[in-house]
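According to the numbering used here, the sequence shown is numbered sequentially starting from 95.
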Amino acid sequence: MSENLHREVSKLVDQEVTKILEQTDRDVARTVNRALGVRDGAPAFDTARWQARLGELLAAHHIPGAALAVLADGQIHELAAGILHTGTGVTVTPDSVFQIGSVSKGYTAALVVLLADAGKLDLDAPVVDVLPDFAVADAGAARTITPRQLRRVAEGNFTPRPSQNRA
Numbered sequence: 095m096s097e098n099l100h101r102e103v104s105k106l107v108d109q110e111v112t113k114i115l116e117q118t119d120r121d122v123a124r125t126v127n128r129a130l131g132v133r134d135g136a137p138a139f140d141t142a143r144w145q146a147r148l149g150e151l152l153a154a155h156h157i158p159g160a161a162l163a164v165l166a167d168g169q170i171h172e173l174a175a176g177i178l179h180t181g182t183g184v185t186v187t188p189d190s191v192f193q194i195g196s197v198s199k200g201y202t203a204a205l206v207v208l209l210a211d212a213g214k215l216d217l218d219a220p221v222v223d224v225l226p227d228f229a230v231a232d233a234g235a236a237r238t239i240t241p242r243q244l245r246r247v248a249e250g251n252f253t254p255r256p257s258q259n260r261a
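Dropping the structure here:
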């Protein structure tokens, strides 16, 4: 495929993905509003209602605290409720940092695969090609580690193969 054709196809893919994401945003907003009992024509985001709902969910599920950010109509709404740690009693704020463990691995993997499918990321090229500041304890390894290898490590089944190592 010529470079110009590749660029054009990539541009069309980006446009289609944008359309799909915009439609998905609208569908999600409609579904959430319906679930919350928000009537058509009501404000797109009701901060007081979401703040109350966040508190209700924390109590119902015995969760000490949470922060929530919602992008609605181009505006970010930040909410927080509860405490960060039961031992300290420190109040949660929208800027609070939570340890999320492995929750984000699935999202990250999905986005990496989407980028690879769109031709925007080579799973077998060194990570430093796209993230120049990528670093690990072994500087030599940092220059050769690929996204595919990182994915396999995250799965817990990494066994290096000679063909995966680049000089």
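Glycine is no exception: its CB is placed at the ideal position from the N, C-alpha and C atoms.
Exposed unless 16 or more other CB atoms sit within 10 angstroms - verdict on ALA233: exposed
In chain order, each alpha helix (DSSP H) run of at least 4 residues that lies wholly inside the stretch 96 to 129: none
8 Å Cβ cutoff met for ALA174 and ALA153: For ALA174 and ALA153, no; Cβs fall outside 8 Å.
SER190 versus LEU178: straight-line alpha-carbon distance, rounded: 8 Å
Coil, strand or helix - ALA160 by DSSP: strand
Alpha-carbon spacing of ALA219 relative to THR187, whole angstroms: 40 Å
Cβ pair GLY176, ILE194 closer than 8 Å: no
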